[in-house]
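Position one of the sequence shown corresponds to residue 170 (my numbering), numbered consecutively onward. Using N, Cα and C, we set each Cβ at its ideal position, and we do this for glycine too. These numbers come from a predicted model, not from an experiment. All remarks here apply to the structure that follows.
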Amino acid sequence: MGVEKTRSDNRVQFRLDHRLVLSFAPLAIIALFSSLEGTSISVALPAIARSLNGSAIEAFWSGTSFLLCSTVFQPIIGSLSDIFGRKPLLYASLAFFLLGSALGGSALNMTWLLCARSIQGLGGGGVLALTEIVITDLVPLRFRGHYFGILSSMLCIGSVTGPIMGGGFIQSLNWRWIFYITLPFIGGAIVLVFLFLDVQQPTKKTLKGQLQQIDYVGTTLFVGSMTSFLMPVTWGGIMYSWASFHTVVPLLIGTVGLVICAVYAWRFAAHPTIPPVLFQSPTTVVSYVATVIHGLTIWCVLYYFPLYFEAVKGYSPLLSGVALLPFSFTAAPSAVVVGILITITGRYRWSMWVGGALATLGIALLCILKAQTSVAGWVLLMLPAGFGAGALFPALLFGIQASAHPNHIPIAVAMSSFFRACGQTLGVAIGGVVFQNRMRENLLRFPKLAPYADDYSKDAAVLVQIIQIMPDGDDKQSLRIAYTDSLRVVWILCTALTAGSALLTLFAKEYTMDEGEPNREELNSSSST
């Protein structure tokens with residue numbers, strides 16, 4: 170599909186055709202909706218819980234189950250697509266996303282909704298992973314920047330506009346439209362993928378031969394251990410304290426299980442779900458670590474910045490989502506432009522460094538936010554972080570692809586999506602711990618608020634509601650100041666992690682992206698650090 174070689178230098182040239190456009194466009198749109206569905210329900214959970222007579226814990230899990238299933242199954246779906254082919258797994262993922270959306274919109278109780286969100290997350294995660302993999306199948310490495318840039322912009326826009334969409338439906342229609350709105354787009358995507366997507370199928374084998382290639386032990390260990398690890402990370406400090414055995418025990422079991430899974434894949438698995446060879450390249454490892462931190466810092470911004478607007482500025486959830494648009498609408502074009510520039514230059518390390526520097530500067534600037542910061546002030550403070558975060562999407566993806574063996578690029582890309590999602594989960598959890606500790610210290614400084622320090626500091630989101638219903642006065646202003654200062658510690662942590670990630674990318678090597686060249690050889694010393 171649009172790929173040819175010149176006679177002179179044997180380098181791969183790329184020619185865009187309508188089939189690629191008509192197969193990529195619907196996948197990018199579905200990736201947008203998958204990102205939307207991950208965040209849009211957050212503002213609607215109170216209304217959903219009231220409508221379905223659900224508890225706060227059930228509402229919490231309805232929001233969390235999507236991200237959990239999306240994260241855990243991305244590497245599995247990517248690995249299975251190498252065995253059974255991209256299109257069957259893509260059809261299955263789209264079908265799960267469609268089914269989950271339909272069930273979510275028609276839910277009659279919270280258990281129904283929880284199951285629907287889990288199915289929807291499984292499908293949405295599969296679509297995200299497979300869309301990136303399909304790009305690697307259809308487009309030569311040198312020319313993927315445009316497509317990964319567009320896909321990254323969809324993820325940025327979806328993450329930020331999700332709460333706006335959810336809030337809009339709550340105010341104008343009802344929460345069920347958060348799910349129903351995706352149905353026609355998924356249906357259209359299935360039709361276009363069926364008609365126009367043309368990817369190379371794996372070597373033809375019997376069903377028995379394909380089933381024998383599945384790493385059943387490794388898959389079971391990975392899914393079980395990762396679930397055991399992520400579940401306490403999501404409920405720590407919310408459902409149970411971090412010191413509770415409900416949190417510590419599954420966290421330890423998950424950690425030990427992941428170690429066993431790694432040993433099994435390295436020493437015993439004939440066809441490991443996640444090939445250990447992926448982690449033999451220092452550049453790949455550096456890029457994966459940076460991807461986790463990238464996901465962590467972005468999700469901290471997307472989660473905690475709206476809480477600043479609600480708690481300190483007094484904005485509604487819908488207006489808080491709108492206030493976050495400067496971040497999204499700098500990150501999205503930044504991802505596209507950097508992707509194009511990587512294609513033009515054939516180099517990617519510069520984008521890691523520029524993106525890392527801008528992201529570090531941008532997050533550091535958030536530390537000067539105050540309760541009195543003007544609208545123009547917080548808009549300007551948000552812009553560098555948006556540019557840096559957007560640039561890192563394609564930059565890190567290219568570092569992973571260029572340093573991976575060609576046979577392992579699809580699963581390497583799927584792991585990139587997985588590590589970013591892990592970072593998102595860790596971001597809210599780690600940010601929550603830092604916020605709680607600092608908030609408690611701050612509240613103890615105010616005599617009138619000190620008796621409530623333990624209760625008020627437990628949950629940043631719940632504290633927003635407490636601040637909003639308080640009458641105006643010194644206590645309310647003191648809480649706002651304490652809230653802003655507590656968030657500042659979260660920004661400091663994110664700044665330190667982002668700076669460390671940026672320094673780490675200095676050790677990434679530059680590989681040629683022209684596939685006709687010896688692609689896994691390090692470029693000459695002139696392009697080295």
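Here Ile-359 really is in contact with Leu-263; their C-beta atoms are around 5 Å apart, less than 8 Å. Taking a contact as a CB-CB distance under 8 Å, the pair Val-368 and Val-296 does not count as one, their CB atoms being some 15 Å apart. If the five residues before and after Gly-531 are omitted, its C-beta is found closer than 6 Å to the C-beta atoms of Pro-553, Ala-554 and Gly-557, all from its own chain and listed in chain order.
The Cβ-Cβ distance between Gly-406 and Gln-593 does not fall below 8 Å. Taking a C-beta distance under 8 Å as the contact criterion, Gln-243 and Ala-573 do not qualify as a contact pair. In terms of Cβ geometry, Ile-333 and Leu-487 form a close pair [threshold 8 Å]. Linking Ser-647 to Phe-615 through their CA atoms gives a straight-line distance of about 8 Å.
For Val-597, the uninterrupted alpha helix (DSSP H) run begins and ends at 578–612, by DSSP. Ranked by Cα distance from Leu-656, the first of Thr-667, Pro-475, Ala-216 and Ala-500 is Pro-475.
In its chain, beyond the 5 residues on either side, Arg-589, Gly-592 and Gln-593 have a beta carbon closer than 6 Å to the beta carbon of Gly-464. DSSP places Gln-381 inside the alpha helix (DSSP H), whose first and last residues are 376–382. Val-392 and Leu-380 have their C-alpha atoms some 18 Å from each other. Taking 8 Å as the cut-off, the Cβ atoms of Phe-266 and Ile-326 do not count as close. By the Cβ rule, the segment 233–248 counts as touching the segment 275–295, because three or more pairs are nearer than 8 Å. In this structure, Leu-595 sits away from Val-428, with a CB-CB distance that is not shorter than 8 Å.
Thr-396 and Tyr-409 have their C-alpha atoms some 17 Å from each other. By the C-beta density criterion, Asp-624 is exposed, having fewer than 16 other C-beta atoms within 10 angstroms. Scanning the segment 342–369 for uninterrupted alpha helix (DSSP H) segments of 4 residues or longer gives 346–349 and 352–365, listed from N- to C-terminal end. Shortest Cα-Cα distance from Ser-321 to any of Leu-612, Val-506 and Val-631 involves Val-506. Going by DSSP, Pro-195 is part of the alpha helix (DSSP H) stretching over 187–209. Just so you know, the alpha carbons of His-315 and Arg-188 end up roughly 16 Å apart.
If the five residues before and after Thr-529 are omitted, its C-beta is found closer than 8 Å to the C-beta atoms of Gly-557, Thr-664, Thr-667, Ala-668 and Ala-671, all from its own chain and listed in chain order.
Bounds of any alpha helix (DSSP H) do not take in His-574, whose DSSP letter is neither H nor E. The beta carbon of Ala-619 sits closer than 8 Å to the beta carbons of Leu-612 and Leu-613 from its chain, once the five residues preceding and following it are set aside; these are given in chain order. Between the C-alpha atoms of Gly-524 and Lys-373 there is a straight-line separation of about 42 Å. Under DSSP, no beta-bridge partner is assigned to Gly-426. As DSSP reads the structure, Gly-405 sits in a beta bridge with Tyr-409. For Tyr-625, the secondary structure class from DSSP, reduced to helix, strand or coil, is helix. Sequence-distant Cβ neighbours of Gln-370 in its own chain, meaning closer than 6 Å and more than five residues away, are Gly-254. Annotation for Glu-479: Ser-489 and Val-633 place their beta carbon closer than 6 Å to its own, counting only its chain and skipping 5 residues before and after.
According to the DSSP assignment, Gln-289 belongs to the alpha helix (DSSP H) that extends over 279–307.
Residue burial is scored here from C-beta neighbours: Ser-341 has fewer than 16 other C-beta atoms within 10 angstroms and is therefore classed as exposed. The alpha-carbon of Gly-568 is positioned some 23 Å away from that of Trp-435.
Counting along the chain, the unbroken alpha helix (DSSP H) around Phe-474 starts and ends at 451–480. Using a Cβ distance threshold of 8 Å, Phe-312 and Thr-499 do not count as a contacting pair.
Sequence-distant partners of Ile-252 (beyond 5 residues in either direction) whose C-beta falls short of 6 Å from its own C-beta, in its chain, are Gln-379 and Gln-382.
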